[in-house]
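When you line the sequence shown up against our numbering, it's residues 1 to 251, in that order. All C-beta atoms in this analysis are idealised placements derived from N, C-alpha and C, irrespective of residue type, glycine included. Given the structure is predicted, the values throughout are model-derived calculations rather than measurements. Quick notes on the structure that follows.
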Amino acid sequence: KSYIMNKSEMHVICWDLDETLGHFTPIGRAMYGESVEWDNEVRIRYGIKDLLVEFSEANGFQSYITTSGVKKYAEKALRATGLRQYFKDVHGRGTVVMPNKKVLRSNNFKNYEDVAWKSIPYDEYPSRMLVIGNSTSDSPVGMPGLVTIISNYRTDAMNLREVIVQLLEKGNGDFNAGFNALLAESQHVEREWGYEEDIFETPGGVVLNLRNVTDEHNYPIYGEAHSIPQIFVKSVKDTHQPVVVPFNACS
Numbered sequence: 001k002s003y004i005m006n007k008s009e010m011h012v013i014c015w016d017l018d019e020t021l022g023h024f025t026p027i028g029r030a031m032y033g034e035s036v037e038w039d040n041e042v043r044i045r046y047g048i049k050d051l052l053v054e055f056s057e058a059n060g061f062q063s064y065i066t067t068s069g070v071k072k073y074a075e076k077a078l079r080a081t082g083l084r085q086y087f088k089d090v091h092g093r094g095t096v097v098m099p100n101k102k103v104l105r106s107n108n109f110k111n112y113e114d115v116a117w118k119s120i121p122y123d124e125y126p127s128r129m130l131v132i133g134n135s136t137s138d139s140p141v142g143m144p145g146l147v148t149i150i151s152n153y154r155t156d157a158m159n160l161r162e163v164i165v166q167l168l169e170k171g172n173g174d175f176n177a178g179f180n181a182l183l184a185e186s187q188h189v190e191r192e193w194g195y196e197e198d199i200f201e202t203p204g205g206v207v208l209n210l211r212n213v214t215d216e217h218n219y220p221i222y223g224e225a226h227s228i229p230q231i232f233v234k235s236v237k238d239t240h241q242p243v244v245v246p247f248n249a250c251s
């Protein structure tokens, strides 16, 4: 497989927890003795365990949890669903979320610097680090060039795999270079009301919307604009429904 990395140049994937890996809210409620009748199913993204095995240390990748939730909740959710073994470490509220939210004018984006400093040479994070979340709030603060894939857990892991592989193959192992290559090959589409999109369709039929936005309005603390490469999974040809984990197994 052309995307398998040399272990001496480990690549890092930062995973958001809630609504990215799965839906774990009932576990959080159970921790505090609460429950909601209409929301009592724990679900994980279909095929996620296979994907995490494929992009594991054996193939030159390390995965980290980077959630805005508290670490205790994240650890419990991962262990209850059999996912904890696939992650090098769990980074939660206090390290991933900026402690002073007034710094950000409109969005509570995330800080991935701690993960980068501990796992790879810091200045290589644009090429060797990737963020996967379910919303733009998972994008990085103060780390220009760090690519974010935005994909909800209802899209199965094999479609997400297609995106990761495209980034690695187009960029020869460099996530940021892969994003720029995909953007260069994208079709520029003008929508109604002046809205524009750069659309790329993978060989497997995953349709992506690529955006290279600037953070000048969101990060005044840094004093200058930075590039934020974002990839939205817009549609897929086929997908599998998330897997339900019996709630009694998570109590």
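Tell me which same chain residues have a C-beta within less than 8 angstroms of the C-beta of residue i, skipping the five on either side of it?
i, result
"Arg-95", "A quick correction: the sequence has Thr, not Arg, at residue 95. So the qualifying residues of the chain are Asn-111 and Asp-114."
"Gly-171", "Ser-127, Ala-177, Gly-178, Phe-179, Asn-180 and Ala-181"
Go through its chain and collect everything with a Cβ distance to residue i's Cβ below 7 angstroms, but skip five positions before and after it.
i, result
"Leu-21", "Trp-15, Ile-44, Arg-45, Ile-48, Leu-83 and Tyr-153"
"Asp-156", "Arg-45, Tyr-46, Gly-47, Thr-239 and His-240"
"Pro-246", "none"
"Lys-76", "Ile-27 and Met-31"
"Val-236", "Thr-155, Asn-159, Gly-205 and Val-206"
"Phe-200", "Leu-182, Glu-185, Ser-186, Leu-208 and Leu-210"
"Asp-39", "Thr-25 and Pro-26"
For residue i versus residue j, is the C-beta spacing smaller than 8 angstroms?
i, j, result
"Ser-151", "Phe-109", "no"
"Pro-140", "Asn-176", "no"
"Gly-145", "Ser-227", "yes"
"Tyr-73", "Leu-52", "no"
"Asn-134", "Glu-19", "yes"
"Val-147", "Leu-130", "yes"
Who are the near neighbours of residue i in its chain, counting only those whose CB is closer than 6 angstroms to its CB and skipping five residues on each side?
i, result
"Lys-88", "Gln-62 and Tyr-64"
"Val-243", "Ile-44 and Tyr-46"
"Tyr-222", "With a pLDDT of 46 at Tyr-222, under the threshold of 50, the predicted position of this residue should be treated as unreliable, though the coordinate-derived value follows. Taken in chain order, the residues that qualify are Gly-142."
"Val-189", "Glu-197 and Ile-199"
"Thr-202", "Glu-162 and Gln-166"
Starting from residue i and walking both ways along the beta strand (DSSP E), at which residues does that stretch end?
i, result
"Ile-228", "227-235"
"Thr-214", "207-214"
"Phe-109", "Careful: Phe-109 lies outside any beta strand (DSSP E) and carries neither H nor E."
"Trp-193", "Counting along the chain, Trp-193 falls outside any beta strand (DSSP E), and DSSP gives it neither H nor E."
"His-11", "11-15"
With a floor of 4 residues, list each alpha helix (DSSP H) that falls wholly inside the stretch 118-182, ordered by position along the chain. 125-128 and 157-170
Could you tell me which whole beta strand (DSSP E) segments of length 3 or greater appear in the stretch 20-106? 42-44, 61-66 and 89-91
With a threshold of 8 angstroms, are at least 3 pairs of Cβ atoms found where one atom belongs to the stretch 196-210 and the other to the stretch 229-236? With a cut-off of 8 angstroms, the stretch 229-236 and the stretch 196-210 count as touching, because enough Cβ pairs lie within range.
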